[in-house]
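In short: position in the sequence shown from 1, add 160, done, that's the working numbering.
Here a beta-carbon is modelled for each residue, glycine too, at the ideal position from N, C-alpha and C.
None of these values were measured; they are calculated from a predicted model.
Structure first, commentary second.
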Amino acid sequence: MEFPELESYFQNLTDITDRIAMMNNHFDATPDVDIPMLDEFYDDMQSHAWETTEREYYELFTSYFTFHVKTVEEIVQEAREILNPENREHVKKLVSHIKNADDWFLGLKKRRKMLRTQVA
Numbered sequence: 161m162e163f164p165e166l167e168s169y170f171q172n173l174t175d176i177t178d179r180i181a182m183m184n185n186h187f188d189a190t191p192d193v194d195i196p197m198l199d200e201f202y203d204d205m206q207s208h209a210w211e212t213t214e215r216e217y218y219e220l221f222t223s224y225f226t227f228h229v230k231t232v233e234e235i236v237q238e239a240r241e242i243l244n245p246e247n248r249e250h251v252k253k254l255v256s257h258i259k260n261a262d263d264w265f266l267g268l269k270k271r272r273k274m275l276r277t278q279v280a
């Protein structure tokens with residue numbers, strides 16, 4: 161399986177996340193477009209067997225991924241502080257994204273640990 165070059169891969173995710181963050185301070189924000197793009201990116205991310213990658217690549221992936229989740233958590237926190245009723249459904253979707261990302265990442269770490277134990 162071929163894996164993406166992580167810097168450019170996660171730059172695409174950062175671009176999506178930055179546009180989503182605009183919902184907290186911009187009237188031109190398009191979360192109805194951007195959140196589905198986040199879901200599509202996440203679906204692609206889940207299609208890779210990250211647990212099989214070399215250690216350095218996996219650790220870099222982990223760093224980028226955890227940074228992304230923290231960024232989305234900050235977007236949600238800011239949205240909750242602003243209390244814009246128009247964003248309520250978008251915030252719920254982002255909270256769901258965080259939960260799914262955390263669950264998936266926990267499973268990924270378990271799969272990687274199992275693979276490493278079998279090899280050793």
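Given residue i as reference, the closest of the options once Cα atoms are compared
i: R271; options: T213, F225, H186 and I176; result: T213
i: F225; options: N247, P196, L268 and Q237; result: L268
i: R179; options: F170, V193, S168 and L166; result: V193
i: E165; options: N184, M205 and A189; result: M205
i: E162; options: M197, P196, Y217 and Y202; result: Y217
i: F170; options: S256, D262, V251 and F201; result: F201
Start-to-end residues for the alpha helix (DSSP H) that takes in residue i
i: L266; result: R248 to V279
i: A209; result: That residue, A209, is in no alpha helix (DSSP H); it is neither H nor E in DSSP.
is_contact[residue i, chain C] using C-beta, thresh 7 Å
i: K230; result: Here there is only one protein chain, and chain C is not present.
Counted within 10 angstroms of its Cβ, other Cβ atoms place residue i as buried (16 or more) or exposed
i: V279; result: exposed
i: R276; result: exposed
i: F126; result: Since the first and last residues shown for the chain are 161 and 280, residue 126 lies out of range.
i: A261; result: buried
Residue i in three-state terms, based on DSSP
i: E165; result: coil
i: T190; result: coil
CA-to-CA distance, residue j to residue i, given in whole angstroms
i: V232; j: M274; result: 29 Å
i: V236; j: S207; result: 26 Å
i: T177; j: A239; result: 14 Å
i: E246; j: M182; result: 13 Å
i: S168; j: F227; result: 15 Å
i: I195; j: N184; result: 14 Å
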